[in-house]
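*Asks:* I have a structure here, written as structure tokens, and I will follow up with some questions on it.
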Amino acid sequence: MDEKLTLNGLPAITPHFRSFEVGQSGFLTMRTRFINHINNQVRRFATQLRLVSACLPPHNQKPRFPLTTKGHVSCDYHVLSEGNCGASVRQQSYMGWLEVGSHVAYKPTSVAAKILVFKRNVCELVNLFTGMRILLTGAAGFIGSHVALELLKSGYEIVCVDNFSNSVQDKDGNAISLKRVSQIVGKDVPFMFADCCNQQQTEAVFQKFKIDGVVHLAGLKAVGESVEKPLEYYRNNLLATLLCRKYGVKNFVFSSSATVYGPPQHLPITEKDNVGCGITNPYGQTKYMIEQILIDLSKAEKDWNIILLRYFNPVGAHSSGLIGEDPKGIPNNLMPFVSQVAIGRLPYLTVYGDKFPTPDGTGVRDYIHVVDLARGHVAAFDRIKRIAHLGCEVYNLGTGKGYSVYEMVHALEKASGKKIPTKVGVPRPGDVACVYCDPSLAAEKLGWKCEYGLNEMCADLWNWQTKNPNGFLVES
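Given below as structure tokens:
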């Protein structure tokens, strides 16, 4: 059964309209009857959409969330048509009015022919009218750049901030990763330099932009480094979150971690498992503490919409090879280290322990393609938009399958055709033997599941590494 659609907590129609995606390389192969059926569904939904007690801003402003004033709306959606090579998509622009309790009325204003892959689901159609503007902290990093890309592809407006603590800027102070995101999506990506621990810089962002939601990714993240510099980890991860909250944004998606579970008592790990017990490093402790702050906040102030996403181990890169993981200095994570060995930047991989109680003695982790992880953030905000005042929800983002260090090494050897030399070292403080999750709750509530497996993770990682043997430095 379809969930009841709500906009800013107000009831609207329940759209009986499934998600769909068709096409490859700009060519769509389907019959006219199916094309007409899809177009009719789009038009039916668009013309029936009602906003009860909510309207749009003046015509010279883009509608944002929440909607408070009556006015004019313009939007685009894509119309399918069949051509000589199958079917193409043209972008159809419409303008019309939304009023209290009224239906949407449109008149066509322009048509621009484009070959596009058609993808529209209910949330994306709603985005045409609500256009949430998301502040993305830590946006220039590995995960942040992929989240930025997926949010833009799904119709969200974004504002990106970063302090370049683990990302690369060009000579003009621009984030190279976000310039490449702009290249992929064909639109500008607003960016401001800001350290979320700096109150003045953070205030400047909120003064310049009207922010409707926050994806908080900023903060230091290496487990080994957190043991060496615990005070820096508490300060960066805790203060950054508290400053973001200060400005009253009620829609909040937090980048948490599987480390909050501590050593697993059983596998797979579910969201109902205990957290905070036996956490082996300050990185996990700070994530746990922020989670508790946000949970308490949602209980005290009922109008908050908070989703905690517990990441497992993101790897891979965007299939274009334009963005990927480019750590400063020696990589802390396994797969960028392995790929740098394969490309010749590093001499060998140190395997931290081969006596764990696992099939080959090396640590087992739940690795997830970074694009799948990024899509999880889109799914989180889609849920926030569908269901008002959801309080605080928690989801695991992982594949539900564990791979050992040696399995990951062999998979990248297969993808690259390179032999990767290894040496065995002692386990690092805080490392555990085996961790993987049960992601079924995210599938049930967010409608999210992983689309990419181990082969795609390694193929996309190697594509990124070969196209960018020195990372982003070529543009710096």
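In our numbering, the protein residues as written are 57 to 532.
Here a beta-carbon is modelled for each residue, glycine too, at the ideal position from N, C-alpha and C.
1) Check each candidate in I325, P319, I349 and name the one with the smallest Cα separation from I335.
2) Can you check whether the CB of Y303 is closer than 8 Å to the CB of F262?
3) How would you call L350, buried or exposed, if buried means at least 16 neighbouring beta carbons within 10 angstroms?
4) Cβ atoms of V215 and R189: under 8 Å apart, would you say?
5) Use the C-beta contact count for N524: other C-beta atoms within 10 angstroms, 16 or more gives buried, fewer gives exposed.
6) Which of the three DSSP states, helix, strand or coil, is assigned to K479?
7) Please confirm if the region 341 to 361 is in contact with the region 390 to 398, defined as three or more CB-CB distances below 8 Å between the two stretches.
8) Of the residues P415, L208, A260, S223, which one's Cα is nearest the Cα of V245?
9) Given a threshold of 16 other Cβ atoms within 10 Å of its Cβ, counted over all protein chains shown, does I362 qualify as buried or as exposed?
10) Is DSSP giving N511 helix, strand or coil here?
11) By alpha-carbon positions, which one of H433, W518, C514 ends up nearest to S210?
12) Mind checking whether Y508 and G454 have CB atoms under 8 Å apart?
13) Near G409, which residues of its chain fall below 6 Å by C-beta distance, leaving aside the five closest residues on each side in sequence?
14) C448 and L364 - do their beta-carbons sit closer together than 8 Å?
15) Please specify which runs of the alpha helix (DSSP H), each continuous and at least 4 residues long, are wholly inside the region 247 to 272, giving them in chain order.
16) Under a Cβ-count criterion, where at least 16 other Cβ atoms within 10 Å of its own Cβ denotes burial, should A356 be classed as buried or exposed?
17) Could you check how far apart the C-beta atoms of H425 and L205 are, in whole angstroms? I think they sit under 8 Å.
18) What do you get for I440, buried or exposed, if any count of 16 or more other CB atoms within 10 angstroms of its CB means buried?
19) Kindly indicate which three-state DSSP category Y451 falls into: helix, strand or coil?
20) Got a sec? Which residues, its chain only, sit under 6 Å from I379 by beta carbon, not counting five neighbours each side?
21) Just tell me which of G527, T418, D359 has its CA closest to the CA of K306.
22) Give every residue of the same chain whose Cβ lies closer than 6 Å to the Cβ of Y212, excluding the five residues on either side of it in the sequence, and list them in chain order.
23) Closer than 6 Å by C-beta to K474: which residues in its own chain qualify, once you throw out the five before and the five after it? Chain order, please.
24) Should N330 be labelled buried (16 or more other beta-carbon atoms within 10 Å of its own) or exposed?
25) With burial defined as no fewer than 16 other Cβ atoms inside 10 Å of the residue's Cβ, what is the status of D516: buried or exposed?
26) Can you tell me where the beta strand (DSSP E) with P370 in it begins and where it stops?
27) Just tell me which of C490, A467, L529, S496 has its CA closest to the CA of N511.
28) Kindly indicate which residue of L390, G275, L295 has the alpha-carbon position closest to the one of T418.
29) Considering only C-alpha positions, which residue in the set L298, F249, W504 is nearest to D428?
30) Along the chain, where does the alpha helix (DSSP H) containing I325 start, and where does it finish?
31) What's the call for H445, buried or exposed, on a 16-neighbour Cβ count within 10 Å?
32) What's the C-alpha gap between P387 and V371?
33) Report the residue from V224, I476, Y462, G194 whose alpha carbon sits nearest the alpha carbon of K384.
34) Whose C-beta lies closer than 8 Å to the C-beta of V241 among residues of the same chain, with five residues either side of it excluded?
35) Is D422 closer than 8 Å to K470 when the C-beta atoms are compared?
36) Would you give the residue range spanned by the beta strand (DSSP E) that R189 belongs to?
*Replies:* In terms of the structure at hand:
1) P319
2) yes
3) buried
4) yes
5) buried
6) strand
7) no
8) L208
9) buried
10) helix
11) H433
12) no
13) P483
14) yes
15) 255 to 264
16) exposed
17) With a Cβ gap of about 13 Å, H425 and L205 do not count as contacting.
18) buried
19) strand
20) S201, S233, R236
21) D359
22) M188, I190
23) A398
24) exposed
25) buried
26) 369 to 371
27) A467
28) L390
29) W504
30) Note, I325: premise wrong, no alpha helix (DSSP H); not H, not E.
31) exposed
32) 13 Å
33) V224
34) L205, L208, K209
35) no
36) 189 to 193
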